[in-house]
Amino acid sequence: MKIMSNNFVIETHNLTKAYGKFVAVDSLNLQLPEGEVFGLLGPNGAGKTTTILMLMGFSEPTSGTVAVVGYNPAREPIKVKKVVGYMPEKIGFYDDLTARENLEYTGRLNGLTGSLLSDKIDGLLEVVGLKDKANQTVGKFSHGMKQRLGIADVMIKDPKVAIFDEPTSGIDPEGTDQILNLIKDMAKRKVTVLISSHQLHQIQKVCTQVGIFSRGRMLASGPVDKLGREMLRAGQFNIIMPVAQLAENVSEEIMKIPGVISVECVGESTVVKAEDNLEKELEQVMLRCTGLKIQMKVEEFELEEVYMKYFRES
Amino acid sequence: MTGLKEILWKELSDCFNSKRFIVLFLLIYVAGIATVYIASQNIRTSVDESTKYIFLNLFTTSGSNNPFSFPLFMSIFIPIIGIALGFDAVNSERTSGNLSRLLAQPVYRDDVINGKFLAGVIMMALMIFSMVILVSGLGLRMIGVPPQAEEILRLFTFIIISILYGAFWMSLAILFSVIFKKTSTSALTSIAIWMFLFLFGSLIAALIAGAITHVDTQTASVTDIVQFDTLFRMLSRISPGTLYTESIQSILLPSMGTSSPTMMIIGIYSGLNPTPLPLTQSLLIVWPQIVALVALTAVCFAIAYIKFMREEIRAS
């Protein structure tokens, strides 16, 4: 039975989990549309993993509802798990089985058999770069190799949704890059991805949206730039042009555009503050006044800056 | 159903590939051969012309100067096998990080624990069945007397009761593997319970029964002894080992008209001539014991099942 009919792949409503008096997740409302790559950010113990456990039906919510692909994961686990891949924080494989055998078991549990399964495993091992290690027992694998095998393990069922809990913790930079690229590739194939992490740079590289989590509450969510503008620039857009100085009349013309708040010269460039993204209008004004097509860009934010700001405020 | 089937296959293939089970198999075969050898050496003294079921004596005869017999050996070995099959069923999956991954696949959570339990029962059935076949085959060569249909039926009943007994210890061990996070804790707890019941169960039962009935061995009348014996049996049935020994005694010794050896001796002294019972009658005597074993197994497994179904699956 579908409990939620709209198009959100993951949807929670006032989701709460309490362990005795300690509230791990506090009235979480999360709505994740299809194709989104969502980063769940927060310090250790913020409730990220507990949230994921409830999404997977591994933990019973104290109150509130949770729906994954429209179903309650605790009541209808099969329907959810057919299309949801999950990589736990400390992923483990059967150490005495080879990489291929481990994937075969997962594949068979998902109803795959025969040559279809073996072809798929070959392809996935190639993708995650473990083709030459296919027949080695996983017991001899390094942490990074296990993590990559974990991604193959998630991909074997062709998931619609993939949930990664700290996929890059404890992995060297090269390995981290490989894993992030694999996740990016999944996102390209329209897989909705949820990543929990406290490694902000990595999250910014792959996520289209982030949610900042602290002590069981979601402080803010949305695209990094939007959060940055709201938090650091009071919701204003800073449009940057590589022009050191503007003639008086040009800057007056710019001020005439509705929504422009100020025009300032900062060092080698000019910053136009606006209430909206007026890149196009600005470009036209510059073309009209100077006859030049000027490259401009909207100020971007470092996730780290945004994140720290939220934690100072809360 | 795919989930249960796949997990069952995986568990069975794990068993056949693991050294632990190869060692167990070897051990149980070696011990089986030893018992059949002892039995065949002593079978002449325990069998005479009036013995109706000679073949079963292979399984019940002990040495003249050592008490080692097949039932005793089984009552020691089966708990060990059961515990070995169950003690790390759930917690090893958890500590290795496989449980979260496994349960993220489209399988019901109970498929995991059911699959493990079923695989254990199948393994146990294989071990016990193959050993009985081995002992029978060797015994047949040594004594040259083929089994009768009644004896074959009794051996089958014996195998089934033995599997039930093993299933009890396995479900107890699985219960501990759900409760305790460490495999060493669950193994030690299961073994400690078995050791306690095995070594001290009847001792404590005898102490309590003695204290209640005040039987003085010098002056006790037959009624006193019967009273003591009834109470003692009652108390010692708390141990599943007693239930098992009582039932296989009645099944393998067709002339046991009661589950109590003491009562049997009293009966013989008071002029009773024990004749072999048909299997149905023997079954009737041990039916309560069998039901109790099944119930104990069911209770342990049910607790493990409920606990496992409700618990939070956190990758630790």
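Residue numbers (my numbering), protein chains in the order written: chain A, 21 to 334; chain B, 113 to 428. We treat Cβ as the ideally placed atom computed from N, Cα and C, and that holds for glycine.
*Any idea which residues DSSP pairs PRO53 (chain A) with across the strands?*
For the purposes of this step, residue 53 (chain A) is identified with residue 33 of the first sequence, where counting begins at 1. Note: PRO53 (chain A) sits in a beta bridge opposite A:PHE28.
*asked:* I need the DSSP call for ALA317 (chain B), collapsed to helix, strand or coil.
replied: On the second sequence, residue 317 (chain B) is found 205 positions in, with the first residue counted as 1. In this structure, ALA317 (chain B) counts as helix in the three-state DSSP scheme.
_CA-to-CA distance, PHE270 (chain B) to LEU139 (chain B), given in whole angstroms_ = Here residue 139 (chain B) refers to the residue found at position 27 of the second sequence. Here residue 270 (chain B) refers to the residue found at position 158 of the second sequence. So the alpha carbons of these two residues sit roughly 20 Å apart.
_Just to check my reading of the structure: SER216 (chain A) and LYS68 (chain A) have Cβ atoms closer than 8 Å, yes? What is that Cβ distance to the nearest angstrom?_
The residue you call residue 216 (chain A) lines up with position 196 of the first sequence. The residue you call residue 68 (chain A) lines up with position 48 of the first sequence. Between LYS68 (chain A) and SER216 (chain A) the Cβ distance is about 4 Å, and since that is below 8 Å, they are a contact.
*With DSSP as the reference, please indicate the residues paired to CYS285 (chain A) in a beta bridge.*
Within the first sequence, numbered from 1, the residue matching residue 285 (chain A) stands at position 265. Answer by DSSP bridge pairing, in chain order: A:THR290.
*Can you list, in chain order, the residues of its chain whose CB lies under 8 Å from that of LEU123 (chain A), leaving out five sequence neighbours each side?*
To locate residue 123 (chain A), count along the first sequence from 1; it is residue 103. These residues qualify, in order along the chain: ILE141, LEU144, LEU145, LEU169, ALA172, ASP173, ILE176.
*In the DSSP assignment, find the beta strand (DSSP E) that holds SER83 (chain A) and state where it starts and stops.*
Residue numbering aside, residue 83 (chain A) sits at position 63 when the first sequence is read from its first letter. First-last of the beta strand (DSSP E) with SER83 (chain A): 83 to 88.
*Which residues, in order along the segment 225 to 238 of chain B, keep a beta-carbon less than 7 Å from a beta-carbon of chain A?*
none
*asked:* What does the Cβ neighbour count give for ALA437 (chain B), buried or exposed, with the cut at 16 atoms within 10 Å?
replied: Shown here, chain B extends from 113 to 428; a query on residue 437 (chain B) therefore has no answer.
*Pull up the DSSP beta-bridge partners for ALA336 (chain A), would you.*
Outside the displayed span of chain A (21 to 334) sits residue 336 (chain A), for which this structure offers no information.
*With a CB to CB cut of under 8 Å and the five nearest residues on each side skipped, what residues in its chain are close to GLU423 (chain B)?*
Taking the first residue of the second sequence as position 1, residue 423 (chain B) is located at position 311. Here the set comprises VAL290.
*Given that a residue counts as buried once 16 or more other Cβ atoms are within 10 Å of its Cβ, and exposed if not, what is LEU323 (chain A)?*
As a working mapping, residue 323 (chain A) is identified with position 303 in the first sequence. Buried, because 16 or more other Cβ atoms sit within 10 Å of the Cβ of LEU323 (chain A).
*Whole beta strand (DSSP E) elements within the segment 184 to 214 of chain B, 3-residue minimum*: none
*With 16 other CB atoms within 10 Å as the buried threshold, where does GLY227 (chain B) fall?*
Position 115 of the second sequence, counted from the start, is the residue given in the question as residue 227 (chain B). Result: buried.
*Contact set for ALA143 (chain B): own chain, Cβ-Cβ below 7 Å, skip 5 residues either direction*: For the purposes of this step, residue 143 (chain B) is taken as the residue at position 31 of the second sequence. Here the set comprises PHE185, PHE189.
_Contacts around ALA94 (chain A), its chain only, beta-carbon distance under 7 Å, and the 5 residues preceding and following it disregarded_ = On the first sequence, residue 94 (chain A) is found 74 positions in, with the first residue counted as 1. Here the set comprises GLY77, GLU80.
*DSSP puts GLY232 (chain B) in a beta bridge; with which residues?*
Locating residue 232 (chain B) in the second sequence gives position 120, counting from the first residue. Answer is none; GLY232 (chain B) lacks a bridge partner.
*Among B:LYS294, B:MET282, B:ALA237, which one has its Cα closest to the Cα of ILE305 (chain B)?*
Counted from its first residue, the second sequence places residue 305 (chain B) at position 193. When each option's Cα is compared against that of ILE305 (chain B), the closest is B:MET282.
*When you compare each of A:LEU137, A:LYS102, A:LYS313 to GLU299 (chain A) by their alpha carbons, which one comes out closest?*
Walking along the first sequence from the start, residue 299 (chain A) turns up at place 279. Per the Cα distances, A:LYS313.
_Best match in A:GLY84, A:GLY55, A:GLY59, A:PHE28 for proximity to ALA38 (chain A) [C-alpha to C-alpha]_ = Taking the first sequence and counting its residues from 1, the one referred to as residue 38 (chain A) is at position 18. Nearest of A:GLY84, A:GLY55, A:GLY59, A:PHE28 to ALA38 (chain A), Cα basis: A:GLY84.
_Within 8 Å, strictly: CB atoms of ARG120 (chain A) and ALA154 (chain A)_ = Along the first sequence, read from residue 1 onward, the residue named residue 120 (chain A) stands at position 100. Along the first sequence, read from residue 1 onward, the residue named residue 154 (chain A) stands at position 134. Yes, the pair counts as a contact, with Cβ atoms nearer than the cut-off.
*Leaving out the 5 sequence neighbours to the left and right, which residues in its chain are closer than 8 Å to LEU287 (chain B) when beta-carbon positions are compared?*
By one-based count along the second sequence, residue 287 (chain B) stands at place 175. Same-chain partners within the cutoff: CYS412, PHE413, ILE415, ALA416, LYS419.
_DSSP bridge partner residues for GLN229 (chain A) (one or two, in chain order)_ = Here residue 229 (chain A) is taken as the residue at index 209 of the first sequence, counted from 1. GLN229 (chain A) is bridged to A:PHE58.
*asked:* Rounded to the nearest angstrom, what separates ALA231 (chain B) and SER248 (chain B) at their Cα positions?
replied: For the purposes of this step, residue 231 (chain B) is taken as residue 119 along the second sequence, with counting starting at 1. For the purposes of this step, residue 248 (chain B) is taken as residue 136 along the second sequence, with counting starting at 1. So the two alpha carbons sit approximately 25 Å from each other.
*Quick one, are the C-beta atoms of PRO243 (chain A) and GLN315 (chain A) less than 8 Å apart?*
Here residue 243 (chain A) corresponds to residue number 223 of the first sequence, with the count starting at 1. Here residue 315 (chain A) corresponds to residue number 295 of the first sequence, with the count starting at 1. Not in contact: PRO243 (chain A) and GLN315 (chain A) (Cβ atoms no closer than 8 Å).
*Select from the segment 178 to 208 of chain B all residues with a C-beta closer than 7 Å to any C-beta belonging to chain A, and list them in chain order.*
SER208
_Min CB distance SER212 (chain B) to chain A below 8 Å_ = Residue 212 (chain B) sits at position 100 when you count from the first residue of the second sequence. It does: the Cβ of SER212 (chain B) has a partner Cβ on chain A nearer than 8 Å.
*What separation, rounded to the nearest whole angstrom, lies between the Cα atoms of ASN34 (chain A) and SER189 (chain A)?*
Translated into the one-based positions of the first sequence, residue 34 (chain A) becomes position 14. Translated into the one-based positions of the first sequence, residue 189 (chain A) becomes position 169. Rounded to whole angstroms, ASN34 (chain A) to SER189 (chain A) spans 29 Å at the Cα level.
*Can you round the beta-carbon distance between SER241 (chain A) and PRO63 (chain A) to whole angstroms, since I take them to be within the 8 Å contact cut?*
To locate residue 241 (chain A), count along the first sequence from 1; it is residue 221. To locate residue 63 (chain A), count along the first sequence from 1; it is residue 43. About 16 Å separates the two Cβ atoms, so there is no contact after all.
*Three-pair Cβ contact test at 8 Å for the segment 185 to 202 of chain A versus the segment 104 to 111 of chain A*: yes
_Candidates A:CYS285, A:LEU117, A:VAL213: closest to LYS180 (chain A) by CA position_ = For this step, residue 180 (chain A) is matched to residue 160 along the first sequence. The shortest Cα separation from LYS180 (chain A) among A:CYS285, A:LEU117, A:VAL213 belongs to A:VAL213.
*Quick one: Cα of THR157 (chain B) to Cα of THR325 (chain B), how far?*
Here the question's residue 157 (chain B) lines up with position 45 in the second sequence. Here the question's residue 325 (chain B) lines up with position 213 in the second sequence. Approximately 37 Å between the Cα atoms of the pair.
*Run down chain B in chain order and give the residues with a C-beta less than 7 Å from the C-beta of GLU109 (chain A).*
To locate residue 109 (chain A), count along the first sequence from 1; it is residue 89. Chain B residues near GLU109 (chain A): ALA427.
_Which of the three DSSP states is assigned to ARG258 (chain A) in this structure?_
In the first sequence, counting from the first residue as 1, residue 258 (chain A) sits at position 238. It is Asn, not Arg, that sits at residue 258 (chain A) in the sequence shown. DSSP places ASN258 (chain A) in strand when its eight states are reduced to three.
*4-residue-minimum alpha helix (DSSP H) runs that sit fully inside the segment 337 to 419 of chain B, ordered along the chain*: 352 to 364, 373 to 381
_For PHE199 (chain B), which residues in the same chain have their Cβ closer than 6 Å to its Cβ, ignoring the five residues on either side in sequence?_
By one-based count along the second sequence, residue 199 (chain B) stands at place 87. Cβ within range, chain order: ALA285, SER289, SER298, ALA299, SER302.
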